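Asker: Chains C and P supply the protein sequences, listed in that same order.
Numbering of the first sequence is given in this note's numbering, commencing with residue 12 and proceeding in unit increments.
Numbering of the second sequence is given in this note's numbering, commencing with residue 2 and proceeding in unit increments.
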Amino acid sequence: MTTTTSPTALTNGVRARGLVRTYGTRRALDGIDLDLGPGVTGLLGRNGAGKTTLLRCLATDLEPTDGGLSVLGLDPERSIERTEIRRRLGYLPQNSSFYPHFTAFGLLDYMAVLKEQGGRRQRHEEIRRALRRVDLYDRRHTRIRRLSGGMRQRLGLAAALLGDPRLLLLDEPTIGLDPEQRIRFRDLVSELAVHSTVLLSTHQIEDVAALCRRVLVLDRGRVIFDGAPTDLIARARGRVWEQASRPPEGVTAWRLADGRYRVLGPEEGDAPDTVERVPLEPSLEDAYLLLTGSVTR
Amino acid sequence: MSWHLSHAQLHRYATHTADDVTAMSAEAHLTYCTHCRDRLPTDEAWLERSWADLRDIVDRPRLSPLERLLGTLGLREGTAKLLAATPTLYRAWLVATMIVLAATLALAHEIPRGTLLFSFTVPVVPLAGVALAYGPGVDPAHSLASVTPWAGPRLLLLRTCAVLVPALTLCTVAALLMPSVATVHEAVFWLLPALAMVAACLALSRWLHLSVAGAAVGGGWLLLLATFALLEGTDPFQLFSPLAQAAWATALALLATVVALRMRTA
C-alpha cells in the first residue's frame, strides 16, 4: 500500500483518508475519507457499491491499494499494530461459514483461542457470556450443522463479540433473523455502542433507522452521503407522494396493497401535475432510494 | 432439635480449625439442622469460584480424538484446538492420502514403470496437504479466522508442521514397502524435494493464495518430470541422484530463509 496521506490517529475509532482499493482495473473504493467514533454508523449502498470491501479493509483482512488508514489509533500496515487491532476487533463477515462438525461452544472456543483470550476458565466464561447475549446458550452443545440459518448468524455475531471489542464491524448481521431476534440484536448493538465504535453494513434500512445516528451511503466506491438519517430524510421531503393512477415511465413508483401508487419523484414543483397527488412524509428507505436512484418499477 | 452449635464451634468448623472429632460432629449436625446451616458463615468468593469450576466442567466441550491425541503428546490445549481445525488433518484427508499411496505402491509392484509413478507422487503428498490446510475456499471458517491475531503466517506455519508430521510418516512407511528399498535411508529419497516444494509453496503464498501456490509448485514438479523424461540422455530418476539431492537441499535452505524472513516481517 502506498500511503499518500497519513491520517491522525483516532484512538477509539477509525480514520481513513483517500482510501483506495482496486481489483484489477476496477476501483472498489475510490478515495474514501472517513472518521468514525463510538456509536452506531449505518453503511448503505447497492450491491457492489464497496461496502464489504470497506469493512474488510477496516478489519485488516484486505490491504488498501492507496490512501491512509488508522484503526483504533493504530497503523494496520505495521505487523505488531495490526495484531493489536485484531485483538480489539469484532468482525462479522457477510455469509460467514463454520466447521459444521463443531458445536456452537466448540467454535467459539476455537475463535477465542485465535483471539488470544486468556486461560481456559476465563475463555469459557467469556464464551458463555457471548452465547447468552445472542440467546444461544441453550444450544451451546448443538453441532453447527444442526443449527438454523438464523442461529448460525447469531453464532457469528457471538464470535464477533468475544473479547469485548472496541471496534465492531458487522456485514449484513440481521440476515436470517426473525423479527424478535432483530429487536434483540438492535438492543444488543445499542448497548455495545455506548463504549465501542460500530459500523453496520446492511440492506435492512429499518435497522439503520432504528439504530444509527449517522449513516454513510456508498455508491461506486465513493461516499455520496454522510450525515444523520434525519438529514437524509429531509432531502426527500416533497418528493414522495401517493396517487391513484400509474405514473409515467421513468418515475420511481410501486403499487400498494390498496391499488394506489407510492411515487418517488422529482421536486414537487417540477413534477408533472396531471393527477391528484397526496404528499407523504418520506421514510429513510424513500430517501435512500431517491439518493441512489436504485428502484426499478 | 434440642441443641445448636455455638458461634465459636461454627467459626472453628468454617475456618477448618476444629479438631477432627468436633468437625465430624458439626458436619453431621449441619446436615439436618437448618438453623445452624443458616448461621454458617459463607465465603462468597469461594462459593462463586466453586460454581464457576462446576459450570466449566459441565459446559466444557468434549475434546475431539485428535485434540486428545495432541494433548497426550504434550501440546497445550489452545494449540491442540487450533491444529484440530486444520482441514487436511480430517479423517477424510488422511484416508484419501493412504488410498493414493496404497494405489501407487501397488502399481510400483505390478507394472514396469510403476516405481517412477510412486517416486513422483510421494513428494506431492505433503505439498498437497499443506496447500489445502489454510486459506479461503479450503478452510470453512477462514473469513472469521482471517482477522484474528493468530491469522496469517503464524497459523499457517503451525498447521504446516501439523500436516507434515502425518504426511511424512505415511510417505516414509509407504516408501519402505517399495520394491528395491531395504533401508530407511533408501526410503527417504523423496524427502528433500518434498520439503523444498513445501517451502516454495509457503514462500509463494506471500503473493498467491496458498492453494494456488501449491498448484503452481505441483505444476513445476510435473514440468520437471516431463522435461527429464523427454530430453535425450536424461532420466527422471536423476532428480533423486546425489547431485540433485544437493541441489534440493540448497533450494530448501534458500526457501526456508525466505519463509523465515517473511515470518519476521509479516
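Where is the CB? At the ideal position from N, CA and C, for every residue including glycine.
Source: prediction; values computed, not measured.
Along the chain, where does the alpha helix (DSSP H) containing C:L180 start, and where does it finish?
Answerer: Here residue 180 of chain C refers to the residue found at position 169 when the first sequence is read from its first residue. First-last for C:L180: L178 to D182, but that is the beta strand (DSSP E), not the alpha helix (DSSP H).
Asker: If you measure beta-carbon to beta-carbon, which residues of the segment 5 to 32 of chain P are closer than 7 Å to chain C?
Answerer: From the segment 5 to 32 of chain P, no residue has a Cβ closer than 7 Å to chain C.
Asker: If you reduce the DSSP assignment to three classes, tell me which class C:E260 lands in.
Answerer: The count along the first sequence starts at 1 and reaches residue 260 of chain C at position 249. Correct three-state label for C:E260: coil.
Asker: Any residues in the segment 138 to 151 of chain P with a beta carbon nearer than 7 Å to a beta carbon of chain C? Which ones, in chain order?
Answerer: So the list reads P141, A142, S144, L145, A146, S147, V148, T149, P150 and W151, given in the order they occur along the chain.
Asker: For P:V139, which three-state DSSP category applies?
Answerer: Translated into the one-based positions of the second sequence, residue 139 of chain P becomes position 138. Correct three-state label for P:V139: coil.
Asker: Could you pull the start and end residues of the beta strand (DSSP E) that C:I43 belongs to?
Answerer: Stepping through the first sequence from its first residue, residue 43 of chain C is reached at position 32. Per DSSP, C:I43 belongs to the beta strand (DSSP E) from R37 to L47.
Asker: Compare the C-beta of C:A169 with all C-beta atoms of chain P and state if any pair is closer than 8 Å.
Answerer: On the first sequence, position 158 is the one that residue 169 of chain C refers to. Output row for C:A169: interface = no.
Asker: Assign C:G261 to buried or exposed, taking buried as 16 or more other Cβ atoms, counted over all protein chains shown, within 10 Å of its Cβ.
Answerer: By 1-based counting over the first sequence, the position of residue 261 of chain C is 250. Exposed is the call here.
Asker: Do P:A197 and the ligand MN come close, with the Cβ less than 7 Å from some heavy atom?
Answerer: Within the structure as shown, the ligand MN is missing, as the structure has no ligands at all.
Asker: Exposed or buried, P:Q239, counting other C-beta atoms within 10 Å across all chains shown (16 or more means buried)?
Answerer: As a working note, residue 239 of chain P is residue 238 in the second sequence. That one is exposed.
Asker: Opposite C:R272 in the DSSP bridges: which residues?
Answerer: By one-based count along the first sequence, residue 272 of chain C stands at place 261. According to the sequence shown, residue 272 of chain C is Tyr rather than Arg. DSSP output for C:Y272 lists C:Q254 and C:R266 as bridge partner(s).
Asker: Relative to chain C, which residues along the segment 104 to 115 of chain P have a C-beta separation below 9 Å, given in chain order?
Answerer: Answer in chain order: no residues at all.
Asker: Quick one: is C:D218 buried, meaning 16 or more other Cβ sit within 10 Å of its Cβ, or exposed?
Answerer: As a working mapping, residue 218 of chain C is identified with position 207 in the first sequence. Its Cβ being crowded by 16 or more others within 10 Å, C:D218 is buried.
Asker: C:S90 CB to nearest chain P CB: under 8 Å?
Answerer: Counted from its first residue, the first sequence places residue 90 of chain C at position 79. So, interface residue.
Asker: Alpha carbon to alpha carbon, how far is P:P243 from P:T173? Give it in angstroms, no decimals.
Answerer: Along the second sequence, read from residue 1 onward, the residue named residue 173 of chain P stands at position 172. Along the second sequence, read from residue 1 onward, the residue named residue 243 of chain P stands at position 242. Their backbone Cα atoms lie some 19 Å apart in a straight line.
Asker: Note down, in chain order, every chain P residue with its Cβ under 9 Å from the Cβ of C:E136.
Answerer: Taking the first residue of the first sequence as position 1, residue 136 of chain C is located at position 125. Result: A53, R56 and D57.
Asker: Anyone know if the C-beta pair for C:R132 and P:A53 falls short of 8 Å?
Answerer: Counted from its first residue, the first sequence places residue 132 of chain C at position 121. Counted from its first residue, the second sequence places residue 53 of chain P at position 52. Their beta carbons are under 8 Å apart, which means C:R132 touches P:A53 by this criterion.
Asker: Using a Cβ-Cβ distance under 8 Å, would C:M12 count as near chain P?
Answerer: The residue labelled residue 12 of chain C in the question sits at position 1 within the first sequence. Reliability fails at C:M12, whose pLDDT of 48 lies under 50, so the model's placement of it is uncertain and no value is given.
Asker: Kindly say whether C:L125, judged by its beta-carbon, lies nearer than 8 Å to any beta-carbon of chain P.
Answerer: Taking the first sequence and counting its residues from 1, one reaches residue 125 of chain C at position 114. Closer than 8 Å to some Cβ of chain P, the Cβ of C:L125 qualifies, so yes.
Asker: What did DSSP end up calling C:R233 once you bin it into helix, strand or coil?
Answerer: Mapped onto the first sequence, residue 233 of chain C falls at position 222. C:R233 falls in the strand class under three-state DSSP.
Asker: Distance, Cα to Cα, C:L55 vs C:C223?
Answerer: If you number the first sequence from 1, residue 55 of chain C lands on position 44. If you number the first sequence from 1, residue 223 of chain C lands on position 212. Distance between the alpha carbons of C:L55 and C:C223 is about 11 Å.
Asker: Which first and last residues belong to the beta strand (DSSP E) in which C:T5 is found?
Answerer: Residue 5 of chain C lies beyond the range of chain C shown here (12 to 308); nothing can be said about it.
Asker: Measuring only between beta-carbons, confirm whether C:T307 sits less than 8 Å from chain P.
Answerer: Taking the first residue of the first sequence as position 1, residue 307 of chain C is located at position 296. Only weak support exists for where C:T307 lies, its pLDDT of 41 falling under 50; the value from the coordinates is given anyway. It does not: the Cβ of C:T307 has no partner Cβ on chain P nearer than 8 Å.
Asker: Taking only the alpha-carbon atoms, compute the straight-line gap between P:L6 and P:C37 and give it to the nearest angstrom.
Answerer: Within the second sequence, numbered from 1, the residue matching residue 6 of chain P stands at position 5. Within the second sequence, numbered from 1, the residue matching residue 37 of chain P stands at position 36. Whole-angstrom Cα-Cα distance: 7 Å.
Asker: Hey, does P:P1 have any beta-carbon neighbour from chain C nearer than 8 Å?
Answerer: In the structure as shown, chain P starts at 2 and stops at 267, and residue 1 of chain P therefore has no counterpart that could be examined.
Asker: Would you say P:A86 faces chain C, with C-beta separation under 8 Å as the test?
Answerer: As a position in the second sequence, residue 86 of chain P is number 85, starting the count at 1. P:A86 counts as touching chain C.
Asker: Straight-line CA distance for P:L171 to P:L70?
Answerer: Within the second sequence, residue 171 of chain P is the residue found at index 170, counting from 1. Within the second sequence, residue 70 of chain P is the residue found at index 69, counting from 1. The straight-line gap from Cα to Cα measures roughly 17 Å.
Asker: In whole angstroms, what is the alpha-carbon distance linking P:T235 and P:A250?
Answerer: On the second sequence, residue 235 of chain P is found 234 positions in, with the first residue counted as 1. On the second sequence, residue 250 of chain P is found 249 positions in, with the first residue counted as 1. Answer to the nearest angstrom: the Cα atoms are 21 Å apart.
Asker: For C:Y102, name the three-state secondary structure that DSSP assigns.
Answerer: Locating residue 102 of chain C in the first sequence gives position 91, counting from the first residue. In this structure, C:Y102 counts as strand in the three-state DSSP scheme.
Asker: So C:D120 contacts chain P; which residues on that side make the cut at Cβ distance below 7 Å?
Answerer: The residue given as residue 120 of chain C occupies position 109 in the first sequence. Here the neighbours are P62 and K82.
Asker: Return the chain-ordered list of same chain residues with a C-beta closer than 7 Å to the C-beta of C:L203, the five sequence neighbours on each side being excluded.
Answerer: Locating residue 203 of chain C in the first sequence gives position 192, counting from the first residue. Around C:L203: L179 and V209.
Asker: Below 8 Å on the Cβ atoms is my guess for C:A141 versus C:A115; work out the distance and round it to an integer in Å.
Answerer: Walking along the first sequence from the start, residue 141 of chain C turns up at place 130. Walking along the first sequence from the start, residue 115 of chain C turns up at place 104. That pair is no contact at about 10 Å.
Asker: What are the partner residues of C:P290, as DSSP defines its beta bridges?
Answerer: Sequence index remark: in the first sequence, residue 290 of chain C carries index 279 (1-based). Note: C:P290 sits in a beta bridge opposite C:W252.
Asker: Is the separation between the beta-carbon of P:A168 and that of P:V101 shorter than 8 Å?
Answerer: Start at 1 with the first residue of the second sequence, and residue 168 of chain P comes out as number 167. Start at 1 with the first residue of the second sequence, and residue 101 of chain P comes out as number 100. Cβ atoms of P:A168 and P:V101: not closer than 8 Å.
Asker: Assign C:A39 to buried or exposed, taking buried as 16 or more other Cβ atoms, counted over all protein chains shown, within 10 Å of its Cβ.
Answerer: As a working mapping, residue 39 of chain C is identified with position 28 in the first sequence. Buried, because 16 or more other Cβ atoms sit within 10 Å of the Cβ of C:A39.
Asker: Residues of chain C with CB under 8 Å from P:T266, in chain order?
Answerer: Mapped onto the second sequence, residue 266 of chain P falls at position 265. Ordered by position in chain C, the residues that pass the 8 Å Cβ test against P:T266 are S90.
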